[in-house]
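The sequence shown begins at -6 in our numbering and counts up one residue at a time. Shown next, in structure tokens, is the structure this report addresses.
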Amino acid sequence: MEFTQQDLNHFNAVLNDYAANLSGSELSFYVHYWGGEKKLYTNHVHKHSFFEICYVIDGNGTYEEGAHRLPIGPGTLFMSRPHLKHQIVSEEGLYIVFVAFELIPAESSKEGLRRFRNLEKSRTFFLRDAQSCPAVLIWLALLQQVAASRHFLEEGILGLARALMTSFESVFSDQKGPAKTVPVPNSSSTLVHRAKLYIRDNLAQELTLSTVADYLHVSSRHLSRLFGEELGQSYSAYVRKERIRQAVSLLTTTDWSIKRIAEETGFETVHYFTTVFKAEMGEPPGQFLKKLKEQTEMF
């Protein structure tokens, strides 16, 4: 990824403006600064009261912290922990990005606070060859998003910025453990939901069971069974009710003719439309519309 120093200054100015307070359901962060340098040379020994994470895109040097003297180069991701003196040494200069942050205790869960406080004593604070690490990929994507954004800038970067902050815990935690099991939605419910969306958006077309089943890459028999199990009605009954529901909506919100409404809701003839409409609504569409107008005029 090749950015100029001017690019980096602009990107990080945007992030410092828009992504300083990152609130979430369990973790909320205050970002002290986002930064980046095309050529960062040796700095003074110093410490912070917060976390600082650095990623080296290019260049070589050494990260020094206490008794540690660790060589850094392209792909190195490392964390400077709070209250520990540290220094970056580089004669050739590092192409580096960095972010400094701390949790907002009042807006974070007890578990979130515990896990990030554990990072202060984590032995895993330095990673070589981290180019494919999720945190790095998110970070670079965030910079590219800032570069590409033309509209909805804040919405475009806040999600990535929050994801980046959160990802640091899994990267640097000593407590790796098994991944948390995420509940998986019922695939049958998802299939029925997709079928319903397809039906709703294509009412003017022929909606045979096989047509929708092919779209979903399932058998007609399987889809028919799902409608019975999930919705308590047959596929054909559901389609018929959806056609009439849309017909009622068009009758009450447009001045279209009954013929046009019949066509838009997938009925081949006005006669068939009228027959089905009466069966579902108790009266033909013309009479339904007449009563509706009479009731409207009364008010």
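A virtual CB, placed ideally from N, CA and C, is assigned to each residue, including glycine.
Original post:
Rounded to a whole number of angstroms, what is the C-alpha to C-alpha distance between residue 88 and residue 156?
Top reply: The sequence position of residue 88 within the sequence shown is 95, counting from 1. The sequence position of residue 156 within the sequence shown is 163, counting from 1. Taking the straight line joining both Cα atoms gives about 23 Å.
Original post:
Any idea which residues DSSP pairs residue 95 with across the strands?
Top reply: Looking up residue 95 in the sequence shown gives position 102. Answer by DSSP bridge pairing, in chain order: 23.
Subject >> Through-space distance from residue 166 to residue 140, alpha-carbon basis >> reply: Numbered from 1 along the sequence shown, position 147 holds the residue referred to as residue 140. Numbered from 1 along the sequence shown, position 173 holds the residue referred to as residue 166. Rounded to whole angstroms, residue 140 to residue 166 spans 31 Å at the Cα level.
Subject >> Residues bridged to residue 14 [DSSP beta-bridge criterion] >> reply: Reading the sequence shown from its first residue, position 21 is the one you call residue 14. BP columns for residue 14 point to 23.
**OP:** Tell whether a beta-carbon distance below 7 Å holds between residue 23 and residue 97.
**Re:** On the sequence shown, position 30 is the one that residue 23 refers to. On the sequence shown, position 104 is the one that residue 97 refers to. It is a contact, given that the beta carbons lie within the stated cut-off.
Original post:
For residue 15, is the beta carbon positioned less than 6 Å from some heavy atom of the ligand SAM?
Top reply: Absent from the structure shown: the ligand SAM. Ligands present: none.
Original post:
Does the region 79 to 93 come close enough to the region 116 to 130 that 3 or more CB-CB pairs lie under 8 Å?
Top reply: no
**OP:** Have a look at residue 219 and residue 269 and give me their C-alpha separation to the nearest angstrom.
**Re:** Working through the sequence shown from its first residue, we reach residue 219 at position 226. Working through the sequence shown from its first residue, we reach residue 269 at position 276. Near 24 Å, if we compare the C-alpha coordinates of residue 269 and residue 219.
Original post:
Which runs of the beta strand (DSSP E) fall wholly inside the region 89 to 167 and span at least 3 residues, in chain order?
Top reply: none
Subject >> For residue 200, the nearest candidate out of 183, 221, 142, 235 (CA to CA) >> reply: Taking the first residue of the sequence shown as position 1, residue 200 is located at position 207. Here the closest residue by C-alpha is 235.
Original post:
Any idea what DSSP makes of residue 248, helix, strand or coil?
Top reply: In the sequence shown, residue 248 corresponds to position 255, counting from 1. Looking at residue 248 - three-state DSSP - the assignment turns out to be coil, as it is neither helix nor strand.
Original post:
Considering only the beta carbon of each residue, do residue 18 and residue 54 sit closer than 7 Å?
Top reply: In the sequence shown, residue 18 corresponds to position 25, counting from 1. In the sequence shown, residue 54 corresponds to position 61, counting from 1. For residue 18 and residue 54, no; Cβs fall outside 7 Å.
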